[in-house]
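Student:
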């Protein structure tokens with residue numbers, strides 16, 4: 006049962022948007038949950054005035070677009086950081102290989118060891 010002139014909106018995070026816009030918003034209690042010899046209220050959505058419904062919905066949709074953009078930028082930043090780290094590691098490995106002649110894959114056979122000994126002398 007809703008008061009006259011109000012609407013029940015089942016949208017997560019609507020109270021945050023309403024607070025930014027200074028619009029009154031109340032959590033909607035839809036029933037009781039009984040567990041272990043006690044009961045507690047169950048909330049689902051928010052109750053707002055009908056006149057603010059469209060304003061809140063538009064603001065909430067804009068907020069969701071901003072949140073998606075922030076998550077996308079954060080993910081891209083992490084991806085580019087990982088690539089930068091990989092590239093720096095490869096460049097360091099190349100410099101060490103050039104400077105000290107360290108082979109990437111050590112040889113294990115006797116023939117390879119003998120040929121490398123002769124090459125060094």
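Residue numbers (this note's numbering): 6 to 126.
All C-beta atoms, glycine included, are put in the ideal place defined by N, C-alpha and C.
Let me know the secondary structure DSSP gives residue 6 once reduced to three states.
Tutor: In this structure, residue 6 counts as coil in the three-state DSSP scheme.
Student: Rounding to the nearest angstrom, what Cα-Cα distance links residue 8 and residue 54 in this structure?
Tutor: Cα to Cα, the separation comes out at about 9 Å.
Student: Check for me: the alpha helix (DSSP H) holding residue 127 runs from which residue to which?
Tutor: Beyond the ends of the chain as shown, which are 6 and 126, falls residue 127; an answer cannot be given.
Student: Measuring only the C-alpha atoms, how far is residue 87 from residue 66?
Tutor: Cα-Cα distance, rounded: 32 Å.
Student: Report yes or no: do three or more beta-carbon pairs, one from the stretch 42-50 and one from the stretch 73-87, lie closer than 8 Å?
Tutor: The answer is no - the stretch 73-87 does not touch the stretch 42-50, with fewer than three Cβ pairs under 8 Å.
Student: So residue 12 packs on residue 64, CB below 8 Å; how close in whole Å?
Tutor: That pair is no contact at about 15 Å.
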